[in-house]
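K.L.:
Pasting a structure below so you can have a look.
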Amino acid sequence: MMEKVYDPKKVEDKIYQFWLKTGFFNPDKLPGKRKKKFSIALPPPNVTGSLHMGHALNATIQDILIRQKRMQGFKTLWIPGTDHAGIATQVKVEKELKKEGKTRFDLGREKFLERVWDWVKKYGGIILEQFKKLGCSLDWSRNRFTMDEKYCEAVNYAFWHYYKKGLIYKGKRLINWCKRCKSSLSDLEVEYKKEKGSLWYVKYPIKSQKSKAKSQKYVVVATTRPETMLGDSAVAVNPKDKRYKDFVGKVAILPLVNREIPIIADQRVDIEFGTGAVKVTPAHDFLDYEISLAHKLPQIQVINEEGKMINVPKEFEDLDVFEARKKIVERLEKEGFLVKVEPYEVSLPICYRCEEILEVLPSEQWFLKMEKLAKEAIKAVKSGKVKFVPKRFEKIYFDWLSSTRDWCISRQIWWGHKIPIEGEEAVLDTWFSSALWPFATLGWPKKTKDLKKFYPTDVLVTGRDIINLWVARMVFSSIEFLKKEPFKYVFINPTVLTKEGKRMSKSLGTGIDPMDLIEKYGADATRFGLIWQVKTGQDLRFDESVIQMGKKFCNKIWNATRYTLLQIPNLKFQIPKEMKISRKLTKAQREILKALKKTIKTVNKNLKDFEFGKAAENLYHFFWHQFCDKYIEESKKEIKEGNPFAKKVLLYVLLKSLILLHPFIPFITEEIYQKLPLKNKKTSIMIEDWPTQPTN
Numbered sequence: 012m013m014e015k016v017y018d019p020k021k022v023e024d025k026i027y028q029f030w031l032k033t034g035f036f037n038p039d040k041l042p043g044k045r046k047k048k049f050s051i052a053l054p055p056p057n058v059t060g061s062l063h064m065g066h067a068l069n070a071t072i073q074d075i076l077i078r079q080k081r082m083q084g085f086k087t088l089w090i091p092g093t094d095h096a097g098i099a100t101q102v103k104v105e106k107e108l109k110k111e112g113k114t115r116f117d118l119g120r121e122k123f124l125e126r127v128w129d130w131v132k133k134y135g136g137i138i139l140e141q142f143k144k145l146g147c148s149l150d151w152s153r154n155r156f157t158m159d160e161k162y163c164e165a166v167n168y169a170f171w172h173y174y175k176k177g178l179i180y181k182g183k184r185l186i187n188w189c190k191r192c193k194s195s196l197s198d199l200e201v202e203y204k205k206e207k208g209s210l211w212y213v214k215y216p217i218k219s220q221k222s223k224a225k226s227q228k229y230v231v232v233a234t235t236r237p238e239t240m241l242g243d244s245a246v247a248v249n250p251k252d253k254r255y256k257d258f259v260g261k262v263a264i265l266p267l268v269n270r271e272i273p274i275i276a277d278q279r280v281d282i283e284f285g286t287g288a289v290k291v292t293p294a295h296d297f298l299d300y301e302i303s304l305a306h307k308l309p310q311i312q313v314i315n316e317e318g319k320m321i322n323v324p325k326e327f328e329d330l331d332v333f334e335a336r337k338k339i340v341e342r343l344e345k346e347g348f349l350v351k352v353e354p355y356e357v358s359l360p361i362c363y364r365c366e367e368i369l370e371v372l373p374s375e376q377w378f379l380k381m382e383k384l385a386k387e388a389i390k391a392v393k394s395g396k397v398k399f400v401p402k403r404f405e406k407i408y409f410d411w412l413s414s415t416r417d418w419c420i421s422r423q424i425w426w427g428h429k430i431p432i433e434g435e436e437a438v439l440d441t442w443f444s445s446a447l448w449p450f451a452t453l454g455w456p457k458k459t460k461d462l463k464k465f466y467p468t469d470v471l472v473t474g475r476d477i478i479n480l481w482v483a484r485m486v487f488s489s490i491e492f493l494k495k496e497p498f499k500y501v502f503i504n505p506t507v508l509t510k511e512g513k514r515m516s517k518s519l520g521t522g523i524d525p526m527d528l529i530e531k532y533g534a535d536a537t538r539f540g541l542i543w544q545v546k547t548g549q550d551l552r553f554d555e556s557v558i559q560m561g562k563k564f565c566n567k568i569w570n571a572t573r574y575t576l577l578q579i580p581n582l583k584f585q586i587p588k589e590m591k592i593s594r595k596l597t598k599a600q601r602e603i604l605k606a607l608k609k610t611i612k613t614v615n616k617n618l619k620d621f622e623f624g625k626a627a628e629n630l631y632h633f634f635w636h637q638f639c640d641k642y643i644e645e646s647k648k649e650i651k652e653g654n655p656f657a658k659k660v661l662l663y664v665l666l667k668s669l670i671l672l673h674p675f676i677p678f679i680t681e682e683i684y685q686k687l688p689l690k691n692k693k694t695s696i697m698i699e700d701w702p703t704q705p706t707n
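Take the sequence shown: its position 327, counting from 1, is numbered 338 in my numbering, and each next residue is one higher.
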């Protein structure tokens with residue numbers, strides 16, 4: 012007999028252990044002949060992390076897809092694993108060392124890496140256990156880690172492949188540099204924060220010469236970073252800017268340094284910024300660097316990797332960037348070069364891990380040539396071999412790939428895949444290894460059975476923030492190494508925000524821990540409430556009341572089952588795969604079967620179109636309003652009158668509803684399924700037949 016009230020705390024752990032015992036998460040242990048395969052690689056969470064709302068939504072969507080396909084008779088594989096998260100993990104361990112008054116340099120590389128491994132062993136599995144709490148049917152026997160021995164072999168193979176083809180090279184180029192992490196970062200690892208800053212207007216004197224503009228003795232340049240002006244190698248204007256047509260070709264004198272620099276015309280200069288005349292500092296700005304290459308300008312580095320001034324007049328030498336800015340502005344004002352200062356909102360580049368303000372500077376690093384790889388990745392989407400859902404996210408993908416620079420793949424940290432060249436101390440960018448994820452997890456570069464059977468994968472579910480960081484890189488990596496695309500669909504799941512539309516952040520106090528929701532409402536309610544909120548928009552403003560609704564819905568399902576079982580004590584039914592709608596049935600019975608038929612059709616279409624929120628709504632309304640509110644009430648009268656089909660229709664509709672709901676709310680549907688009096692019951696609802704469109 013079922014308990015009066017459904018208690019997820021008594022059910023969920025028990026059911027998950029039951030699932031593990033069946034072995035059905037492992038495709039090799041699924042019953043029957045399953046000729047078609049369906050596979051997904053879980054976007055590997057950082058080994059440093061714990062489950063956040065984005066993870067919970069992302070994983071629930073994947074679990075819905077996997078559970079539906081498993082019930083449809085596919086050989087399903089959902090690959091779990093974690094990413095070593097080079098900088099993030101190193102920062103975590105360094106913070107622990109700081110509490111002891113030590114740095115990684117006090118320990119040395121070998122001892123420091125021992126500490127990191129200890130930390131990973133202690134904390135690295137937390138998030139995977141949390142995925143289990145959420146009900147994720149991942150094949151844990153195939154769990155992978157990007158620092159596993161076999162995965163490291165794949166990373167080294169990829170490096171040497173590119174290197175031998177001449178696609179990887181070492182050179183001195185402009186990079187993003189974090190002085191806190193003491194490492195380079197790729198463009199995609201840079202985040203930006205808006206701050207109130209200033210726009211300084213500075214006079215650059217024009218070298219005296221005979222010209223039509225001889226009365227003009229200076230050009231005014233606007234800058235947000237006066238400290239970098241000491242490394243200027245030109246002043247640039249837009250060739251369409253009529254104000255400066257007589258200035259192009261002349262020579263300006265760089266204030267405080269007295270270096271002669273040319274005034275040049277370049278179409279990349281923004282006419283609307285400041286005065287329309289800008290300083291060109293090739294060693295500390297990417298656009299300026301590109302301009303310098305076109306005009307053959309020298310690149311003068313004035314900031315080093317410690318964020319200190321170098322190659323400048325003595326009074327500014329070795330000053331911190333912000334100290335130097337203050338002194339330079341004072342000197343400019345004192346010597347009459349400063350025209351005015353205006354308030355100006357600046358977009359500061361910051362490290363995506365430690366939030367330190369970054370510097371752009373020249374550095375000797377390893378790079379991967381991107382031109383050919385980018386073209387292949389673009390072709391994969393334009394040809395339709397890889398489809399984005401929603402389609403509009405193709406633009407982010409194309410925009411980056413069509414303008415991307417060579418990828419800086421080296422990092423000056425200790426935790427990660429060491430560049431496999433003798434004497435090299437740098438490690439590879441974390442994204443270099445995660446770009447191999449969908450195939451390296453299946454045993455590549457070896458030609459394993461898993462690789463042959465499950466590759467390419469079918470769907471990637473991920474967030475819009477890593478389309479360029481990860482998705483694009485997986486696409487070109489897969490084409491380069493396996494000559495095929497890594498997945499057919501890329502579903503971009505919504506970003507979970509607060510109810511007010513703010514970014515969720517534990518540090519800001521705006522984060523919501525999904526584990527707290529599971530503790531409070533249960534995993535099924537949390538899953539259902541999250542999926543309910545997946546609509547057409549790409550920002551999901553999280554509303555906890557919808558999770559409460561999910562809990563009420565679970566209770567409704569439980570109560571409807573209790574009623575059904577009370578009507579059929581000590582009976583066992585042979586439920587057909589499909590119940591025909593015939594004239595022998597009552598009007599109420601025909602109507603509920605027609606409504607079920609319509610719901611099956613609609614939900615199948617919803618899931619095919621990745622409309623998860625709509626599918627959840629359709630199931631909710633069918634079960635609550637049509638089955639419970641209408642048919643169950645009618646069935647009471649039918650059973651009382653002794654209708655021969657009443658109990659069978661009741662159980663049939665309940666069973667089909669549970670099967671349709673299982674991918675969304677797996678725990679309660681399994682718990683109920685085990686209690687149903689069915690003659691043809693299977694080991695688990697996980698392997699029940701998914702309803703297809705009824706024939707009549």
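We put the beta carbon where it would ideally sit given N, CA and C, even for glycine.
Computed from a predicted model, the values in this text were never measured in an experiment.
Quick check: what's the CA-CA separation for Leu607 versus Leu53?
P.N.:
Rounded to whole angstroms, Leu607 to Leu53 spans 33 angstroms at the Cα level.
K.L.:
Compare the Cα-Cα distances from Gly522 to each of Ile477, Lys40, Ala67, Val400 and report the closest residue.
P.N.:
Comparing Cα-Cα distances from Gly522 to each of Ile477, Lys40, Ala67, Val400, the minimum goes to Ala67.
K.L.:
Is Lys261 near Lys218, with beta carbons less than 8 angstroms apart?
P.N.:
Going by C-beta atoms, Lys261 is nearer than 8 angstroms to Lys218.
K.L.:
Applying the criterion that 16 or more other CB atoms from any shown protein chain within 10 Å of the CB defines a buried residue, is Lys256 buried or exposed?
P.N.:
Result: exposed.
K.L.:
Work out the CA separation of Trp130 and Leu118 for me, nearest whole Å.
P.N.:
Taking the straight line joining both Cα atoms gives about 15 angstroms.
K.L.:
Hey, how far is the Cα of Ser421 from the Cα of Phe36?
P.N.:
Between Ser421 and Phe36, the C-alpha separation is close to 37 angstroms.
K.L.:
Specify, as a first and last residue, the run of the beta strand (DSSP E) that Leu31 falls within.
P.N.:
First-last for Leu31: 19 to 33, but that is the alpha helix (DSSP H), not the beta strand (DSSP E).
K.L.:
Count the C-beta pairs between the stretch 31 to 48 and the stretch 77 to 92 that are closer than 8 angstroms, then say yes if the count reaches three, no if not.
P.N.:
Because the criterion of three Cβ pairs below 8 angstroms is met, the stretch 31 to 48 and the stretch 77 to 92 touch.
K.L.:
What did DSSP end up calling Val486 once you bin it into helix, strand or coil?
P.N.:
Three-state DSSP puts Val486 in a helix.
K.L.:
Residue ranges of each alpha helix (DSSP H) run of no fewer than 4 residues wholly in the stretch 474 to 534, ordered along the chain?
P.N.:
DSSP runs (the alpha helix (DSSP H)) wholly in the stretch 474 to 534: 483 to 493, 525 to 532.
K.L.:
Does the separation of the CB atoms of Leu671 and Leu630 fall below 8 angstroms?
P.N.:
For Leu671 and Leu630, yes; Cβs fall inside 8 angstroms.
K.L.:
Assuming Asp550 is part of the beta strand (DSSP E), what are its boundary residues?
P.N.:
Asp550 -> beta strand (DSSP E) spans 550 to 552.
K.L.:
Per DSSP, which residues does Val231 bridge with? Please list them.
P.N.:
DSSP lists Lys214 as partners of Val231.
K.L.:
Could you give the first and the last residue of the continuous alpha helix (DSSP H) run that contains Val392?
P.N.:
Val392 -> alpha helix (DSSP H) spans 382 to 393.
K.L.:
Going by Cα to Cα distance, which pick from Val246, Phe297, Val280 is closest to Ile272?
P.N.:
If we check each option's Cα against that of Ile272, Val246 comes out closest.
K.L.:
Please confirm whether Thr441 and Asp18 have their CB atoms less than 8 angstroms apart.
P.N.:
No, Cβ-Cβ distance for Thr441 and Asp18 is not below 8 angstroms.
K.L.:
What are the start and end residues of the beta strand (DSSP E) that includes Ala247?
P.N.:
Segment 245 to 248, the beta strand (DSSP E) holding Ala247.
K.L.:
Which one or two residues does DSSP pair with Arg155 in a beta bridge?
P.N.:
Partner(s): Gly92.
K.L.:
State the DSSP-derived secondary structure class of Ser668, mapped to helix, strand or coil.
P.N.:
Ser668: helix per DSSP, three-state reduction.
K.L.:
What residue from Ile424, Glu105, Leu480, Leu210 has the CA that sits closest to Tyr355's CA?
P.N.:
If we check each option's Cα against that of Tyr355, Leu210 comes out closest.
K.L.:
Residues in the same chain with beta-carbon distance under 6 angstroms from Asp277, minus the five sequence neighbours each way, listed in chain order, please.
P.N.:
If we look at Asp277 and ignore the five residues flanking it on each side, its Cβ neighbours are Ala247, Ile302.
K.L.:
Whole angstroms is fine: what's the gap from Pro719's alpha carbon to Phe675's?
P.N.:
Coverage of the chain is limited to positions 12 through 707, which leaves residue 719 absent and any answer about it impossible.
K.L.:
To the nearest angstrom, how far is the alpha carbon of Tyr300 from that of Glu107?
P.N.:
Roughly 39 angstroms separates the two Cα atoms.
K.L.:
Could you tell me whether the Cβ atoms of Phe492 and Ala169 are closer together than 8 angstroms?
P.N.:
Yes. Within cutoff.
K.L.:
Is the CB-CB distance between Tyr363 and Val201 below 8 angstroms?
P.N.:
Contact flag set, yes.
K.L.:
Starting from the C-beta of Pro431, find all residues in its chain whose C-beta is less than 8 angstroms away, skip the five residues before and the five after it, and write them out in chain order.
P.N.:
Counting only Cβ-Cβ distances below 8 angstroms, and skipping sequence neighbours, we find Asn167, Phe170, Trp171.
K.L.:
Which stretch, first to last residue, makes up the alpha helix (DSSP H) that contains Asn629?
P.N.:
From DSSP, the alpha helix (DSSP H) with Asn629 extends over 623 to 632.
K.L.:
Could you tell me the boundaries of the alpha helix (DSSP H) in which Lys110 lies?
P.N.:
Looking at the DSSP string, the run of the alpha helix (DSSP H) that includes Lys110 is 97 to 110.
K.L.:
For the putative contact between Leu576 and Lys686, defined by C-beta atoms under 8 angstroms, what is the C-beta separation to the nearest angstrom?
P.N.:
Sure, about 7 angstroms apart at Cβ, within 8 angstroms.
K.L.:
By the DSSP assignment, the alpha helix (DSSP H) with Tyr642 in it spans what residues?
P.N.:
Neither: Tyr642 is in no alpha helix (DSSP H) and is coded neither H nor E.
K.L.:
Would you kindly work out how many angstroms separate the C-alpha atoms of Arg126 and Gly135, rounded to a whole number?
P.N.:
The straight-line gap from Cα to Cα measures roughly 13 angstroms.
K.L.:
Quick check: what's the CA-CA separation for Val58 versus Thr694?
P.N.:
Their backbone Cα atoms lie some 34 angstroms apart in a straight line.
K.L.:
With respect to the beta strand (DSSP E) encompassing Gln376, which residues constitute its N-terminal and C-terminal limits?
P.N.:
Start and end: 370 to 379.
K.L.:
From the DSSP output, read off the bridge partner residues of Gly182.
P.N.:
Gly182 pairs with Gln376.
K.L.:
State the Cα-Cα distance for the pair Gly454 and Gly427, rounded to the nearest angstrom.
P.N.:
Cα to Cα, Gly454 sits roughly 20 angstroms from Gly427.
K.L.:
What residue does the beta strand (DSSP E) around Lys352 start on, and which one ends it?
P.N.:
Residue identity check: residue 352 is Val in the sequence provided, not Lys. Looking at the DSSP string, the run of the beta strand (DSSP E) that includes Val352 is 349 to 362.
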